[in-house]
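The structure appears below as structure tokens.
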Amino acid sequence: MTGNIQISMPQKAKYIIKTLTDAGFEAYVVGGCVRDSILGREPEDWDITTSARPEQVKALFPRTIDTGIQHGTVTVMLEKEGFEVTTYRVDGKYEDGRHPKEVIFTPSLKEDLRRRDFTINAMAYNEESGLVDIFGGMEDIERGIIRCVGDAEARFGEDALRIMRAIRFSAQLGYTIEENTKQAIRKLAGTLEKISAERIQVELVKLLVSPHPDYLRDAYDMGVTKVILPEFDVCMRTPQYHPHHMYNVGEHILHSLTGVEPDRIFRLSMLLHDIGKPAALEVDEDGITHFHNHNVVGRDMAQQILQRLRFDNDTINTVCQIIMYHDYGNSVKPDIRIVRRAANKVGEDIFPLLFPVKRADVCAQSDYMRQEKLDNIDRWEQLYHKIVEEKQCISLKTLAVTGRDLIDLGFQPGPDLGRVLISLLDLVLEHPEYNTKEKLLEEAMSIPGWNNLKSF
Numbered sequence: 052m053t054g055n056i057q058i059s060m061p062q063k064a065k066y067i068i069k070t071l072t073d074a075g076f077e078a079y080v081v082g083g084c085v086r087d088s089i090l091g092r093e094p095e096d097w098d099i100t101t102s103a104r105p106e107q108v109k110a111l112f113p114r115t116i117d118t119g120i121q122h123g124t125v126t127v128m129l130e131k132e133g134f135e136v137t138t139y140r141v142d143g144k145y146e147d148g149r150h151p152k153e154v155i156f157t158p159s160l161k162e163d164l165r166r167r168d169f170t171i172n173a174m175a176y177n178e179e180s181g182l183v184d185i186f187g188g189m190e191d192i193e194r195g196i197i198r199c200v201g202d203a204e205a206r207f208g209e210d211a212l213r214i215m216r217a218i219r220f221s222a223q224l225g226y227t228i229e230e231n232t233k234q235a236i237r238k239l240a241g242t243l244e245k246i247s248a249e250r251i252q253v254e255l256v257k258l259l260v261s262p263h264p265d266y267l268r269d270a271y272d273m274g275v276t277k278v279i280l281p282e283f284d285v286c287m288r289t290p291q292y293h294p295h296h297m298y299n300v301g302e303h304i305l306h307s308l309t310g311v312e313p314d315r316i317f318r319l320s321m322l323l324h325d326i327g328k329p330a331a332l333e334v335d336e337d338g339i340t341h342f343h344n345h346n347v348v349g350r351d352m353a354q355q356i357l358q359r360l361r362f363d364n365d366t367i368n369t370v371c372q373i374i375m376y377h378d379y380g381n382s383v384k385p386d387i388r389i390v391r392r393a394a395n396k397v398g399e400d401i402f403p404l405l406f407p408v409k410r411a412d413v414c415a416q417s418d419y420m421r422q423e424k425l426d427n428i429d430r431w432e433q434l435y436h437k438i439v440e441e442k443q444c445i446s447l448k449t450l451a452v453t454g455r456d457l458i459d460l461g462f463q464p465g466p467d468l469g470r471v472l473i474s475l476l477d478l479v480l481e482h483p484e485y486n487t488k489e490k491l492l493e494e495a496m497s498i499p500g501w502n503n504l505k506s507f
């Protein structure tokens with residue numbers, strides 16, 4: 052025990068613990084909330100562990116929900132806030148690499164903490180006893196270590212998702228995975244095949260949006276990406292012999308991940324932006340590598356990967372569009388007309404997302420022409436902001452006339468009407484000052500053969 056550690060608990064958690072202890076039971080906050088409090092982070096949840104059985108917990112509080120009562124968990128509702136209260140337990144045999152077949156309640160806090168994944172998550176606290184740290188969690192926090200409680204192979208054998216959690220915690224905290232824990236991951240990485248895609252997705256995203264997304268390199272070194280993202284392993288073996296590059300494809304991806312803000316769309320886009328390069332690899336007679344159309348190949352591969360990992364359609368569509376256009380216009384010195392047309396082609400929702408992606412991409416390349424490339428991106432973005440500020444039209448959404456306007460003018464509904472609107476938009480992309488209803492209706496009537504498009 053480390054009694055001199057003090058943790059500031061919310062009043063409702065204190066109330067639950069006091070209610071349980073006043074009734075003669077032991078009770079502590081436990082796990083992630085203790086770890087995060089020690090680290091000065093804001094806990095997401097305050098979980099409580101107790102010697103009281105579920106039925107005894109239910110008898111002490113007027114509003115409870117049986118969220119996992121077969122595993123000893125009852126959610127105590129205080130006003131509209133829920134707190135999970137779980138009975139001390141020992142897990143039975145794990146048969147599916149994820150869930151124990153049964154749990155056995157125990158009066159021992161030590162036995163309950165022994166079954167947890169990592170030492171930094173196996174600490175408990177209440178105001179009377181202070182910090183209960185039986186397995187060296189505080190020492191591992193001070194050393195910056197992720198270490199399994201007890202035998203690492205046993206912990207990962209119980210729940211293979213802990214392999215992903217070890218790497219994710221390492222990336223979130225900037226910690227090193229302890230050597231025995233690392234060796235167990237290498238040995239058991241293949242058991243991640245037992246874990247659902249949805250759970251892999253959650254851990255992968257947490258890793259990617261962490262302060263150290265490049266710790267995905269550790270996942271590669273330990274054989275984890277071979278199971279969850281084999282396409283990345285191919286990237287780590289694909290060279291880039293070219294003046295514009297200094298890393299292989301995989302290392303370029305890892306460096307680019309740290310160049311965008313910790314947003315899931317941006318980090319997923321950087322993870323997959325060059326995923327098509329190995330399939331597009333060509334080597335010329337001088338030994339220079341080229342990756343023609345890797346954006347198209349990468350978009351299609353990214354769609355398959357994200358679907359395999361059960362991402363939602365909005366995420367898939369956005370990331371795939373970013374990948375498709377992440378190189379678009381890089382070699383072009385833009386003027387405002389070029390930028391209007393590019394924004395129209397790419398789409399108003401996607402186009403502004405390209406700028407941080409392009410910068411991260413460039414900064415993960417060699418320093419050859421780096422400043423010129425970054426200056427060019429700045430110029431593209433400045434012109435785009437000018438377009439937005441001046442409310443220039445770049446899509447049918449902001450065209451000054453609608454299909455209804457043309458029908459009122461006498462046009463026949465149908466495909467030809469759509470072509471007229473596209474023609475008017477094309478005119479406005481060249482001449483934004485033409486985007487008035489009066490001018491566009493006048494232009495519509497000047498289209499050759501427009502009388503043939505009228506309805507009578």
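Throughout the sequence shown, residue numbering follows the working numbering, covering 52 to 507 in sequence. We put the beta carbon where it would ideally sit given N, CA and C, even for glycine.
When the five nearest sequence neighbours on each side are left out, the beta carbons in the same chain lying within less than 8 Å of the beta carbon of residue 132 are those of 63, in order along the chain. In terms of CA proximity to residue 445, 475 leads the group 475, 372, 238 and 416. One Cα belongs to residue 426, the other to residue 244, and the distance between them is close to 45 Å. Per DSSP, reduced to three states, the secondary structure at residue 242 is helical. Restricting attention to 197, 215, 167 and 233, the CA atom closest to the CA of residue 206 is found in 167.
A straight-line Cα-Cα distance of about 46 Å links residue 428 and residue 170. One thing to note: residue 450 has its Cβ no nearer than 7 Å to the Cβ of residue 390. When DSSP states are grouped into helix, strand and coil, residue 78 belongs to the strand group.
Between the C-alpha atoms of residue 456 and residue 491 there is a straight-line separation of about 10 Å. Taking 4 residues as the shortest admissible run, the segment 110-168 contains the following complete alpha helix (DSSP H) segments, listed from N- to C-terminal end: 160-165. Setting aside the 5 residues that flank it on each side, residue 361 is surrounded in the same chain by 248, 249 and 252, each with a C-beta closer than 7 Å to its C-beta; the list follows chain order. Between residue 464 and residue 311, the C-beta spacing is not below 7 Å.
With a cut-off of 8 Å on Cβ pairs, the segment 379-395 is not in contact with the segment 299-311, counting fewer than three such pairs. Apart from the 5 residues on each side of it in sequence, residue 135 sits with its Cβ closer than 6 Å to the Cβ of 98, 124 and 126 in its chain, given in chain order.
Short of 6 Å from the beta carbon of residue 285, and not among the five residues preceding or following it, lie these beta carbons of its own chain, in chain order: 329.
Counting C-beta pairs closer than 8 Å gives fewer than three between the segment 235-244 and the segment 175-191, which falls short of the contact rule.
Contact between residue 306 and residue 415 is confirmed by a C-beta separation of about 4 Å, below the 8 Å threshold.
Note that the C-beta distance between residue 188 and residue 173 is below 7 Å. Beyond the five residues adjoining it in sequence on each side, residue 195 comes within less than 8 Å, by CB distance, of 224, 225, 226 and 227 in the same chain, given in chain order.
Residue burial is scored here from C-beta neighbours: residue 221 has at least 16 other C-beta atoms within 10 angstroms and is therefore classed as buried.
Counting every other CB atom within 10 Å of its CB across the protein chains shown gives residue 349 a total of 16 or more, marking it as buried.
Around residue 263, the same chain offers 222 and 225 as residues with beta carbons nearer than 7 Å, after the five sequence neighbours per side are excluded. Using a C-beta cut-off of 8 Å, the segment 287-296 makes no contact with the segment 344-359, since fewer than three inter-stretch Cβ pairs fall below that distance.
Within the segment 276-339, no run of beta strand (DSSP E) at least 3 residues long lies entirely inside it. Between residue 304 and the set 234, 271, 326 and 441, the nearest pair of CA atoms involves 326. DSSP places residue 439 within a helical segment (H, G or I) once states are collapsed to three. Here the alpha carbon of residue 430 sits roughly 7 Å from the alpha carbon of residue 385. Note that the C-beta distance between residue 260 and residue 313 is below 7 Å. Of the residues assessed, residue 419 falls on the exposed side of the cut-off, its CB having fewer than 16 other CB atoms within 10 angstroms.
The beta-carbon separation of residue 122 and residue 80, rounded to 18 Å, does not stay under the 8 Å limit for a contact.
Here DSSP, grouped into helix, strand and coil, assigns residue 485 to helix.
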